[in-house]
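Here the structure comes first, spelled out in C-alpha cells, and everything after it is commentary.
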C-alpha cells in the first residue's frame, strides 16, 4: 500500500478510544472479544497498523517536515528554538528570553500512542499468523514504539518504560517511578535491532516501514543518544556511535545515489526519487501536505533567517566569508546581491535571493527591471506561466523566480520589507531574509493545498549521521569526508570540497571555541543540509551547546533607511539594542538576550514533567533539574 492514510478500521478506532482511568498512563478495560476480532490475521494487523503511521504528524514531535498553519509554521519551530531561524513578529526566541513557563499538563507527556502500539504487540501471539508474519508485525510495532520513545527520551530523559497494555490491576507500573534513561534507551535499541533482523525487507508494499526505514531510525537514534550521553556526561556512549556507523553504512550501500536537485526534495512528488527512504505522500483531498507551501506565499508567513546564520553558509571556494576571496559583500556594495553571490547554493534554496522585476498588466506577467536585477532569476530559473495556483517555470524547476502570492500576483522585488512593502503586503520579511524552504510554484495554492510529498527519512541525513559518528569514534578522515560531506557539497551546495587537512583553529574564527574545528564543520554541514526540517532543537541540545546558538543577537541584513521605511529600525551591534539614529546598518529584530538580562537556562535541556502528572503519581518526582 503506497499511501499513508491515517485511519483505522472502525473496530480498531473503538479499541483506541476505550475508556481509561485518571492515571497518567492510559489503561485498557477488558476488550478480549473485540481484540480477537481486530487482531485475527495478517490483513487485520495491517489495517490496524495504518493508524500507527499517524506518529509522523504527532503534535508532540518537532521533527515534522511539511506541516504548519497560519502564523505558526510548525515545521520550522525546532530550528526557531535552536536559533537557526527567527519569527518576524513576536517577542523573540522563547528560550533566549526565558519565556518558557511551567506547565500543569501537556508538554508532550503523553503515553496514549505507546498504549496503541502495545495493544497490537500484545495480540500477535494469539493470532492465526505464521511465525514469520508474527515476527514482521512485532518488528513493525517495535519500530513505532521506538520512534515515539525516542521523542520521550529527547524531551524528558527518564520516562516510564511501558511494554504491555496496562489493566486496572497494574497499579505498580502505572504509578511507579520513571525508568532510568539508559534502560529506556537500551530497550529502544534492543527492539530496533530485533526489527532490523526480522521485518520484511520490503515491508507491506511501497513506502511502508521496511528494513531500510528501521535502519534509518537506528542511524538517527544511535547518533542522538550517543552524543547526548557523551556531552551530558552520562557515559557509555561509544557503542551507540558504533551502531550508528554500522546501520548508516548499510543504508549508504543500499542508497548510493543522491537526488539531482536539493531544492525539490521538499517541493516534489517523491515517488522513485533517489535517496528517499520514507515519505509522507500527498493524496488529493485526503492527505494534503498543506500549509507551508501555501503560507509562504502570504503575509502571514512568519519565518526569517538571522543574518549571522546566513553568514555561516560557506562561499564557493569552501571557505568562510571572512576568509574567502569569493565573498563580495562590502567590497563593491553592501546589497543582498553581493551577500548571496558565490555562496552555497542551498542558501538560495532556503532564503529568497534578490531580484527586481516590472509586473505586467494584472501582475500576471513580468519583465526584468534591468540586466543586473535578474542575476538570480537566470541562475534559478524563471516563472513562465502564471495564473491561480501558480504555473510551470523552467522545466523541472519548482522553486523559480519571481515569486508569487497564492493568487499568482507577481512579487516585484526581493528583499521585500515588512516595514516598507511598496503596496504588496505578501511575502514580506522584516529582516529582508525571507525563508521559503517549502515554496512551490506549482502548488494548487488557491485551494489551500500543498501538493508536495514530504520526506521523513532520506539518505542525506544518514550520511551526516555517519560523518558525525565517525568523528566521535576518532575515525573521520578525508575518505569519510569524500563519502559524505563532499558528496553533499558537490551535488547540492555547488561549493568546493572539504579538505580535512586545511581545517584548523583559524578556519572559522567565529566558531564556538568549545568545539573542535573539524567537528564544527561537520555540524555546519548538518545545519545547512537539514535546515527547515526540524532537527535544530534536537541537535543543539544533544551537543549541549544551545547557549551558543540561542544567546546570539538576531538581526537582519544591511539596508538603508530608504529601503526599510520609517517603521524600520537598525541595531547597534555593540550594545545589542535598537539605534534610532542610524540611517543605514543591520536591521533590528530583537534585543541581545544576554545583554537584556536573559539567555538560555540549563534546565531547558530537558522539558518539565507537567505538575499535574506528578500530583497524580508522586513517584515521578523529582522533576527534571531546574523545574
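In the working numbering, the protein residues as written are 1 to 627.
By construction, the Cβ of each residue, glycine as well, lies at the ideal position given by its N, Cα and C atoms.
Residue i versus residue j - alpha carbon distance
i	j	result
residue 539	residue 228	9 Å
residue 485	residue 528	11 Å
residue 369	residue 360	12 Å
residue 594	residue 551	6 Å
residue 33	residue 617	Caution is warranted here: a pLDDT of 37 is assigned to residue 33, below 50, making its placement in the model unreliable, and no coordinate value can be reported.
residue 231	residue 351	32 Å
residue 281	residue 49	17 Å
residue 168	residue 175	11 Å
residue 172	residue 37	30 Å
residue 307	residue 493	19 Å
residue 124	residue 275	33 Å
residue 429	residue 411	13 Å
residue 503	residue 462	23 Å
residue 8	residue 52	Low confidence applies here, because residue 8 scores a pLDDT of 38, under 50, leaving its location unreliable; read the following figure in that light. Going by the C-alpha atoms only, they are around 9 Å apart.
residue 563	residue 421	9 Å
residue 439	residue 267	7 Å
residue 251	residue 576	46 Å
residue 246	residue 476	15 Å
residue 296	residue 530	18 Å
residue 482	residue 522	12 Å
residue 292	residue 460	22 Å
residue 126	residue 56	28 Å
residue 379	residue 355	11 Å
residue 47	residue 619	37 Å
residue 353	residue 342	12 Å
residue 427	residue 574	31 Å
residue 260	residue 207	20 Å
residue 25	residue 163	Summary for residue 25: the model assigns pLDDT 36, below 50, so the residue's position carries little reliability; its value from the coordinates is reported in the next sentence. Residue 25 and residue 163: Cα-Cα distance of roughly 12 Å.
Distance between beta carbons of residue j and residue i, contact taken as under 8 Å
i	j	result
residue 212	residue 254	6 Å
residue 465	residue 244	6 Å
residue 316	residue 496	7 Å
residue 133	residue 42	5 Å
residue 265	residue 397	Not really, about 13 Å apart at Cβ, beyond 8 Å.
residue 165	residue 122	5 Å
residue 96	residue 248	Not really, about 33 Å apart at Cβ, beyond 8 Å.
residue 488	residue 525	7 Å
residue 119	residue 149	Contact doesn't hold; Cβ gap of about 16 Å is too wide.
residue 83	residue 155	Their Cβ separation, rounded to whole angstroms, is 19 Å, which puts residue 83 and residue 155 out of contact at 8 Å.
residue 442	residue 294	Their Cβ separation, rounded to whole angstroms, is 12 Å, which puts residue 442 and residue 294 out of contact at 8 Å.
Proximity test, Cβ basis, 8 Å: residue i and chain B
i	result
residue 515	This model lacks chain B altogether, as it is built from one protein chain only.
Close Cβ partners of residue i (< 8 Å) along its chain, the five nearest in sequence each way excluded
i	result
residue 136	198, 199, 200
residue 511	517, 520
residue 532	65, 75, 76, 79, 85, 266, 350, 435, 437, 438
Same chain, Cβ closer than 6 Å to residue i, neighbours up to 5 away in sequence not counted
i	result
residue 507	517
residue 329	338, 339
residue 626	603
residue 621	614
residue 583	561
residue 547	600
residue 152	159
residue 509	none
residue 590	92, 554
Beta-carbon proximity list for residue i, same chain, < 7 Å, skipping 5 on both sides
i	result
residue 94	100
residue 432	336, 415, 417, 556, 557, 559, 587
residue 375	337
residue 490	497
residue 237	226, 229, 230
residue 334	558
residue 217	143, 146, 147, 192
residue 612	104, 105
residue 500	477, 478, 481, 518
Self-check item: Every unbroken alpha helix (DSSP H) within the stretch 541-572, with a cutoff of 4 residues, ordered by chain
Solution: 546-550, 561-564
Self-check item: Contact the stretch 566-576 vs the stretch 113-124: 3+ CB pairs below 8 Å
Solution: no
Quiz item: Taking only runs of the beta strand (DSSP E) that begin and end inside the stretch 503-543, which ones reach a length of at least 3 residues, in chain order?
Solution: none
Exercise. Enumerate, from N- to C-terminal direction, the unbroken beta strand (DSSP E) stretches of 3 or more residues contained entirely within the stretch 156-197.
Key: none
Quiz prompt | beta strand (DSSP E) runs contained entirely in the stretch 229-315, provided each spans 3 or more residues | solution = 276-280
Quiz item: So does the stretch 179-198 actually touch the stretch 141-156, counting three or more Cβ pairs closer than 8 Å?
Solution: The answer is yes - the stretch 141-156 touches the stretch 179-198, with three or more Cβ pairs under 8 Å.
Practice problem: Count the C-beta pairs between the stretch 233-247 and the stretch 210-225 that are closer than 8 Å, then say yes if the count reaches three, no if not. | Solution: yes
Quiz item: Would you call the stretch 310-324 and the stretch 267-274 in contact, with 3 or more CB pairs under 8 Å?
Solution: With a cut-off of 8 Å, the stretch 267-274 and the stretch 310-324 do not count as touching, because too few Cβ pairs lie within range.
Exercise. Please list the segments of the alpha helix (DSSP H) lying wholly inside the stretch 400-482, counting only runs of 4 or more residues, in order along the chain.
Key: As for any alpha helix (DSSP H) of minimum length 4 sitting wholly inside the stretch 400-482, the runs are 459-472, ordered along the chain.
Practice problem: Return the chain-ordered ranges of every alpha helix (DSSP H) run that is complete within the stretch 60-122 and spans a minimum of 4 residues. | Solution: 77-81, 112-122
Exercise. Tell me the start and end of each unbroken alpha helix (DSSP H) in the stretch 322-389 that is at least 4 residues and wholly inside, in chain order.
Key: 336-340, 345-348, 375-380
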